[in-house]
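Heads up: the structure comes next, in structure tokens.
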Amino acid sequence: EMERKEEFRQEKETLEKEVQELKERQLGREELYAKLKEDSKIRWHRDKYKKLLKRFDEYYNKLEQKIADKEQQIVELTKLLEVLN
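Going by this note's numbering, the sequence shown opens with residue 4, and the numbers climb by one from there.
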């Protein structure tokens, strides 16, 4: 049983580190998004910027979902560890 607790603790720590790394990727998103949006309006290659903006949105939506999933796993592991203690 102690081994299982330790495994859960390690998994929780790993997930917390992964969430922190993913959140760091989100920093600066607003600035970059604003620049891409502005560039898509005024540049000659508007279509390319619009496609890039769409991919940008998809990437960050997936990133947010991944963060939410990992945070949910952390919550579940925390509850499990509380029950085991």
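Think of the CB as a built atom: it goes at the ideal place given N, C-alpha and C, for glycine as much as any other residue.
Asked                                                                                                                                                       : Found
What separation, rounded to the nearest whole angstrom, lies between the Cα atoms of Leu55 and Arg7?                                                        : 45 Å
Is DSSP giving Glu27 helix, strand or coil here?                                                                                                            : helix
CB-CB under 6 Å to Leu18, same chain, minus the five flanking residues each way: which ones, in chain order?                                                : Lys73, Gln76, Ile77
Using a Cβ-Cβ cutoff of less than 7 Å, which residues in the same chain neighbour Glu21 once the five nearest sequence positions on both sides are dropped? : Lys73
So, with DSSP's three-state summary, where would you put Asn64?                                                                                             : helix
Per the contact definition of three or more C-beta pairs closer than 8 Å, is the region 42 to 52 in contact with the region 60 to 71?                       : no
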